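J.: Taken in order, the sequence shown gives residues 1 to 417; the numbers are from full-length UniProt numbering. All C-beta atoms, glycine included, are put in the ideal place defined by N, C-alpha and C. Predicted model, so just to flag it, every value in this text is computed and none were measured.
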Amino acid sequence: MVGTVPLVTTWPFGDDAGATAPAVVGVGDLRTANAAAVLASIRTAEDPPRVAELARSTRLSRPTVELIVNDLLTSGLVEEEQAPPARGVQSPGRPARRLRFRPRAGYVVGIDVRSRSLAVGLADLDGETVLIRRRTVRRDLTGAARARAVVEAVRAALAEAGVDAHRVCAATVGTPGWVQDTTRLRYVDNLRDWADVDIAAILGDELRCPVAVDNDANLAALGEQWRGGAATTGEMVFILLGERLGAGIITGGRLLRGQHGAAGEIGFMIFPDGSPLAARAIGEPGVGRPGIEPSSIYSDAAIVRGAADGDPDAIRALELVGERLADALAPVLLALDPAVVVLGTSLFALPDLATACEYVLRAAERRAPALLVDPPGWRLSTLGDDAILIGAVRFGLAAVERVLRTRPTELGLSPVR
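1. Let me know the beta strand (DSSP E) ranges lying completely inside the segment 121-169, each 3 residues or longer, listed in chain order.
2. Cα-Cα, which of A387, A105, L325, G253 is closest to A170?
3. Looking at C-beta atoms only, is the number of pairs between the segment 133-141 and the segment 180-187 that lie closer than 8 Å three or more?
4. When the distance is taken between beta carbons, is A119 closer than 8 Å to Y107?
5. From this set, G267, V38, T74, G377, which residue's C-alpha is nearest T58's C-alpha?
6. I think A212 touches A200, with their Cβ atoms under 8 Å apart; what is that distance to the nearest whole Å?
7. Quick check: what's the CA-CA separation for L207 versus H166?
8. Are there 16 or more other CB atoms within 10 angstroms of the CB of L30, so buried, or fewer, so exposed?
9. Grouping DSSP H, G and I as helix and E and B as strand, with all else coil, what is R362?
10. Quick one: what does DSSP say A171 is sitting in, helix, strand or coil?
11. Check the DSSP bridge columns for N70 and list the partner residues they point to.
12. Work out the CA separation of L241 and A147 for me, nearest whole Å.
13. Considering Cα atoms alone, identify which of G377, L318, P369, D385 is closest to R345.
14. Just the C-alpha distance for G191 and S117, rounded to the nearest angstrom, thanks.
15. Mind checking who D214 pairs with in its DSSP beta bridge?
16. Could you tell me how far apart the beta carbons of L343 and S381 are, in whole angstroms, since I believe they sit closer than 8 Å?
17. On the criterion of 16 or more Cβ atoms from any shown chain inside 10 Å, does Q259 qualify as buried, or is it exposed?
18. According to DSSP, what are the bridge partners of D386?
19. For L131, which of A144, G143, G110 has the nearest alpha-carbon?
20. Can you tell which of L60, T355, L99 has the C-alpha that lies nearest to the C-alpha of A45?
21. For G223, which of G204, G253, V188, I202 has the nearest alpha-carbon?
22. Using the C-alpha atoms, what's the distance from L411 back to R402?
23. Can you tell me the Cβ-Cβ gap for A392 and G174, rounded? I've got them flagged as a contact below 8 Å.
24. Out of curiosity, what's the CA-to-CA distance linking T74 and T409?
25. Can you give the Cα-Cα distance for P312 and S115, rounded to whole angstroms?
26. Is L371 helix, strand or coil by DSSP?
27. How would you label P63, buried or exposed, when you count the other beta carbons within 10 angstroms and need 16 or more for buried?
28. Give me the residue from E358, T251, P369, L325 with the minimum Cα distance to R244.
29. Taking C-alpha atoms, which residue in A354, V340, F395 lies nearest to L372?
30. Give the straight-line distance between the Cα atoms of A314 and A307, rounded to the nearest whole angstrom.
31. Give the secondary structure of G253 by DSSP, where H, G and I count as helix, E and B as strand, and everything else as coil.
32. L256 to A96, Cα distance in whole Å?
33. Just to confirm my understanding: we take A363, look at its own chain, exclude 5 residues before and 5 after, and list those with CB closer than 6 Å. What are they?
34. From the DSSP secondary-structure annotation, give me the bridge partner or partners of D112.
In C-alpha cells:
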C-alpha cells in the first residue's frame with residue numbers, strides 16, 4: 001500500500017519557492033535533514049556506495065547512516081545490491097550492501113492542453129522520459145469536457161506505462177492563456193469555458209499529488225532552457241507561435257512572471273493604430289497581404305508544405321510572417337535585451353516542414369538589425385512539439401527535487417513489490 005503524507009499537498013511550486021528552515025531544529029527535523037544528506041551522497045556517487053562510505057562522506061555515525069538507509073529503503077527511494085567479494089577473498093559473513101537511487105520510485109506528469117489536442121508526458125525522478133502520448137480532441141469542447149479528456153488521457157498514459165497513480169509525485173498542466181500563481185487560469189480566448197474549470201483541483205483529486213498550472217509559453221521556455229538549445233544563456237525570449245502569440249521570458253536565468261503572472265502575454269499588446277501585436281505578427285483573417293495570406297497558415301498546411309518544397313509564393317508568405325514578427329516584437333526585445341530569441345511553433349510540427357520554419361526565422365533575423373540596438377541571436381526550438389511537455393515535466397520535477405534535497409522520506413512512497 002502506498003502511503004500518503006498531508007505535507008505533500010503544500011509542496012512549493014515555482015522558481016522562488018523553497019523549504020523554509022525552522023527556527024528550532026527538533027530531533028525529527030535533524031533526522032530528515034540527515035536523510036537528505038545521505039540520499040544526496042547516494043545520488044552523486046560515481047558507483048553505488050556502501051554504508052561505510054556514506055558515513056565517511058556525510059560525516060555521520062555508521063549507526064545513524066544505517067537507520068537512515070533503512071528509512072530510504074522503506075520509502076522506495078533507494079535499493080540495495082550485493083557487493084561482489086574481492087577476487088580471491090571469501091567473506092565469512094553477508095557481503096556489504098551497496099546502495100543506489102531508484103529514479104522510478106516516483107514519477108512526474110506533464111500535460112500540454114491545446115484547442116485540438118492533448119498530450120501527456122511521464123518522466124521518472126531523474127527527469128528521463130518514460131512515455132509521451134498525444135490525442136486529438138474537438139475544438140469546441142466545453143471546459144468540463146476538456147477536463148474529463150485530460151483526466152482520461154492521464155489515466156491511459158499511466159496504464160500504458162504500468163504506473164500506479166499514487167506513484168505520481170507532481171503534475172503540471174500547460175495551457176494557453178493567462179495563469180496566476182501557477183494554480184488557476186484567469187483568461188483564455190481560444191478554449192471554451194476552460195477558465196471556469198479548476199483543472200488543478202480536478203487532477204489533484206485524481207492523482208492525490210500537487211498539481212500546478214502554467215502558461216504554455218512559460219513552460220516551453222523552461223523546457224528549452226533545460227533540455228533545448230538555450231541552456232547556456234540566462235537571457236532568452238521564447239516565442240510560441242501558433243493559434244495564439246505568447247512569450248516565455250527567461251532573465252537572470254529565471255522565468256519572469258510579473259506581479260500578476262501576465263509577463264509574456266504579448267498577444268494582448270495594442271499598437272497606436274489599434275492593431276493587436278498578434279495580428280501584426282501573423283496577419284488577420286480577411287485582410288489581404290502580398291502573396292499568400294500568412295494567416296491562412298492556420299488552416300492550409302499546403303502553404304508551409306509548399307515553402308518546404310520551394311514554392312516561391314509560399315516562401316514569400318512565410319518570409320512576410322517573419323518580417324512582421326520582427327516588427328511586432330521589436331518593442332519587447334528593446335525592453336528586455338535578450339541574448340537569444342527562440343521560435344517554437346506547432347504550425348511546423350512535421351519534420352519535413354522544418355525548412356518552412358527556417359524561412360520565418362531567417363526573415364525575422366534579417367529584419368531585426370534595422371529595429372534593434374544590439375540584435376539577439378535567433379534560433380528554432382530544438383525540442384519541436386515537445387517543448388511545452390518537457391517544460392511541464394521540468395516545473396514539476398523542480399518541486400520534487402526540493403523535497404528530495406530537504407525531506408526525502410516525506411514523499412510518501414513505498415517500494416514496488
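T.: Once the coordinates are examined:
1. Taken in chain order, the whole beta strand (DSSP E) runs of length 3 or more contained in the segment 121-169 are 129-136.
2. Nearest to A170 by alpha-carbon distance, out of A387, A105, L325, G253, is A105.
3. Short answer: they don't touch.
4. No, they are not a contact pair.
5. Ranked by Cα distance from T58, the options G267, V38, T74, G377 are led by V38.
6. With a Cβ gap of about 7 Å, A212 and A200 count as contacting.
7. Cα atoms of L207 and H166: separation of roughly 6 Å, rounded to the nearest angstrom.
8. L30 is exposed by the Cβ-count criterion.
9. R362: helix per DSSP, three-state reduction.
10. Three-state DSSP puts A171 in a strand.
11. Looking at the DSSP assignment, N70 forms no beta bridge with any residue, so it has no partner.
12. Linking A147 to L241 through their CA atoms gives a straight-line distance of about 24 Å.
13. The sequence shown places Thr at residue 345, not Arg. Nearest of G377, L318, P369, D385 to T345, Cα basis: D385.
14. Strictly speaking, residue 191 in this sequence is Leu, with Gly absent from that position. Approximately 11 Å between the Cα atoms of the pair.
15. Partner(s): G174.
16. Taking C-beta atoms under 8 Å as the contact rule, L343 and S381 qualify, at a distance of about 7 Å.
17. Answer is exposed; the Cβ neighbour count stays below 16.
18. According to DSSP, D386 bridges with nothing at all.
19. Nearest to L131 by alpha-carbon distance, out of A144, G143, G110, is G110.
20. Measuring from the Cα of A45, the nearest candidate turns out to be L99.
21. It is G253.
22. Cα to Cα, the separation comes out at about 11 Å.
23. With a Cβ gap of about 5 Å, A392 and G174 count as contacting.
24. In a straight line, the C-alpha of T74 is about 9 Å away from that of T409.
25. So the alpha carbons of these two residues sit roughly 31 Å apart.
26. In the three-state DSSP reduction, L371 falls in the coil class, being neither helix nor strand.
27. Under the 10 Å beta carbon count, P63 is surrounded by fewer than 16 other beta carbons and is classified as exposed.
28. R244 has its Cα closest to that of L325, out of E358, T251, P369, L325.
29. Nearest option by C-alpha distance: V340.
30. Whole-angstrom Cα-Cα distance: 5 Å.
31. G253 falls in the coil class under three-state DSSP.
32. A direct Cα-to-Cα measurement between L256 and A96 gives close to 49 Å.
33. Answer for A363: E319, G322, E323, listed in chain order.
34. For D112, which the question treats as bridged, DSSP gives the partners A119, G174.
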